[in-house]
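A short write-up of the structure that comes next.
Residue numbers (the working numbering): 82 to 725.
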């Protein structure tokens with residue numbers, strides 16, 4: 082019965098998709114210039130799409146009669162009444178610039194600009210609109226793109242080619258799309274679930290697009306720009322906005338019976354953390370209608386030269402407006418490298434009365450990427466993406482996805498390994514690595530030069546580290562390694578094998594088994610560097626490092642028990658034996674060697690040898706720890722409380 086119902090459901094969905102009709106076209110201004118990222122939606126809803134950078138849009142609708150709204154910041158909204166039947170429709174739309182209805186206002190020299198009246202009212206209503214909805218959920222689509230425009234021939238005196246940079250890297254360097262379910266509850270509790278992800282050139286990767294990083298809510302006093310700055314930026318309608326901004330009323334126009342004020346936002350001082358640009362505010366309700374604001378280097382942003390934020394708000398019901406589309410444009414230049422990027426988001430399918438489970442926001446998880454998020458095929462994306470791809474983006478996907486298949490194939494990776502694994506004479510001194518990238522394994526032997534040391538107990542004591550590592554697709558890791566050491570003076574053979582297995586990466590669960598016989602300093606923190614001790618022993622005839630022989634076996638288990646609580650369990654057995662000086666060789670004319678003993682309390686008992694069974698249990702906790710969950714991975718984002 083269940084299988085039958087699933088079959089009927091799938092058949093119904095397929096039938097609905099088959100009946101959908103495509104409405105497509107371009108959105109331009111009166112001079113036929115494309116209006117990039119203009120909004121297209123059904124009147125009275127947030128169901129719709131967004132035009133791409135070329136102004137092209139694609140909207141799929143079932144047969145019926147619709148009022149389709151075309152909107153762009155700085156232009157008059159246009160509504161088209163159309164009837165959809167079985168045939169595709171081509172509909173090109175021209176939008177007209179704002180047609181200000183206000184008569185020219187003559188402002189006396191000592192009079193206040195009318196913009197201040199609007200801003201003061203908006204400031205009074207700011208907190209009401211900030212907390213207007215106790216909770217909501219919505220669907221978010223984000224497309225991110227970054228590109229390089231130019232690379233200099235030299236960077237800081239070095240050839241760009243020698244640094245791995247050349248003209249072949251120009252163009253798109255990052256292209257990704259994602260869909261998320263964004264959930265919010267007052268105050269500032271969020272949980273985002275990424276349901277689909279696509280990254281150009283890597284079909285195994287998951288997008289780093291994130292709706293919460295895309296949340297520029299100008300109803301807040303301070304706007305958090307994430308990694309672009311350590312400090313927040315003052316909203317044009319914050320409680321303290323009049324201290325930071327001057328305002329100018331550019332004009333006003335009517336839209337659907339509402340009077341919309343266009344106000345220029347002007348920083349009072351350079352270097353303040355403020356925006357420039359325009360904010361549109363609806364008369365009487367004093368809501369934000371849309372924004373076109375930007376930050377520059379003068380506002381002390383990092384990594385980019387300028388950042389522009391374009392927002393459009395739409396009605397969700399008769400009393401609530403929510404963001405529908407948001408575009409973030411940025412430009413950067415560093416060491417002669419120039420580039421730009423954009424992130425475009427479409428917010429729709431709002432639910433203002435979501436019934437969240439009781440502990441939905443309690444665990445600290447702010448983002449979860451579903452395991453099948455990167456498994457969606459091209460057919461899915463053709464129907465799911467609300468912003469059509471440009472030809473450049475189509476070519477980038479096609480080119481990089483084809484290259485990815487080749488570059489991740491076994492023959493290709495094996496050919497790279499054959500070149501890299503070729504043994505050379507300098508490997509005898511510098512160490513050697515043997516890779517099998519397709520199987521994600523690595524075998525290594527350390528450089529003997531890095532571990533050549535001298536002390537009065539062992540004399541010259543060369544050592545060697547040998548290891549093997551393996552990583553699986555689910556991020557589990559196995560590491561096998563051993564340290565070998567031989568004292569030429571006391572003829573003591575030492576070894577210290579260890580097995581380390583990361584069994585559950587998302588819980589940081591790790592098992593470690595080690596043992597062997599090895600010299601150790603009396604102070605377990607190893608405060609004296611072997612290199613420094615070698616230098617002092619040979620050059621100055623002083624032997625500060627004191628050693629004993631530790632024959633041991635140790636087991637350790639480490640895991641996150643609950644979010645923020647990390648526990649460690651260690652059980653070890655030690656058979657400790659004293660060691661004596663066996664050489665007094667030094668380059669110094671006057672050697673001042675002391676016996677190999679320590680001045681700590683009960684030193685006689687220590688030097689006589691002893692056995693110990695040690696149990697160590699510890700825990701560290703960080704309250705209200707926030708984190709992101711990706712398949713088989715947990716990324717800690719921090720907490721406002723210190724770690725204990």
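C-beta atoms are modelled at their ideal positions from N, C-alpha and C, and glycine is treated no differently. Treat the numbers as computed from the prediction; the structure is a model and nothing was measured.
Shown here, residue 133 sits in coil according to DSSP, grouped into three states, outside any helix or strand. The alpha-carbon separation between residue 371 and residue 316 amounts to approximately 14 angstroms. A buried status is given to residue 220, since no fewer than 16 other beta-carbon atoms sit within 10 Å of its beta-carbon.
Classified as exposed, residue 574 has fewer than 16 neighbouring CB atoms from the shown chains inside 10 Å of its CB. Per DSSP, the beta-bridge partners of residue 697 are 651. Where residue 558 is concerned, the enclosing beta strand (DSSP E) starts and stops at 558-568.
Here residue 382 really is in contact with residue 309; their C-beta atoms are around 5 angstroms apart, less than 8 angstroms.
Rounded to whole angstroms, the separation of the alpha carbons of residue 313 and residue 303 is 5 angstroms.
Under the DSSP assignment, residue 500 falls in the alpha helix (DSSP H) whose first and last residues are 491-501. Per DSSP, the unbroken beta strand (DSSP E) holding residue 362 starts and ends at 357-363. For residue 181, the closest of 333, 119, 168 by C-alpha to C-alpha distance is 333. Bounds of the beta strand (DSSP E) holding residue 717 are 714-719. In terms of CA proximity to residue 473, 133 leads the group 133, 486, 636. Distance from the CA of residue 196 to the CA of residue 724, rounded to the nearest whole angstrom, comes to 48 angstroms. When DSSP states are grouped into helix, strand and coil, residue 608 belongs to the coil group.
Each residue's CA atom was taken as its position, placing residue 563 and residue 550 some 12 angstroms apart. Residue 418 sits in a strand when the DSSP states are folded into three classes. By the criterion of at least three beta-carbon pairs nearer than 8 angstroms, the stretch 655-668 is not in contact with the stretch 703-723. Beyond the five residues adjoining it in sequence on each side, residue 261 comes within less than 7 angstroms, by CB distance, of 221, 273, 274, 275, 276, 292 in the same chain, given in chain order. About 6 angstroms separates the beta carbons of residue 614 and residue 625, which is inside the 8 angstroms limit, making them a contact pair. When secondary structure is reduced to three states using DSSP, residue 583 falls in the strand class.
In the structure shown, residue 172 falls within a coil segment according to DSSP collapsed to helix, strand and coil. In this structure, the beta-carbon distance from residue 649 to residue 637 falls below 8 angstroms. Taking the C-beta atoms as reference points, residue 455 is found nearer than 8 angstroms to residue 287. When 153, 678, 166, 509 are compared, the shortest CA-CA separation from residue 146 is found for 166. Note on geometry: alpha-carbon atoms of residue 629 and residue 555 lie some 42 angstroms from one another. Residue 149 holds the alpha-carbon nearest to the alpha-carbon of residue 164 among 149, 285, 157, 153. Just measuring C-alpha positions, the residue of 433, 411, 423, 379 sitting nearest residue 402 is 433. About 7 angstroms separates the beta carbons of residue 362 and residue 368, which is inside the 8 angstroms limit, making them a contact pair. Looking at the DSSP output, residue 412 bridges to 387, 421.
Beyond the five residues adjoining it in sequence on each side, residue 533 comes within less than 6 angstroms, by CB distance, of 543 in the same chain, given in chain order.
Per the coordinates, the alpha-carbon of residue 338 lies some 27 angstroms from the alpha-carbon of residue 115. If you draw a straight line from the Cα of residue 644 to the Cα of residue 301, it comes to about 29 angstroms.
Nearest neighbour of residue 399 by Cα position, chosen from 124, 642, 493, turns out to be 124. Listed in chain order, the beta strand (DSSP E) runs fully inside the stretch 207-287 are 216-231, 252-266, 270-280, counting runs of at least 3 residues. Restricting attention to 642, 208, 411, the CA atom closest to the CA of residue 376 is found in 411.
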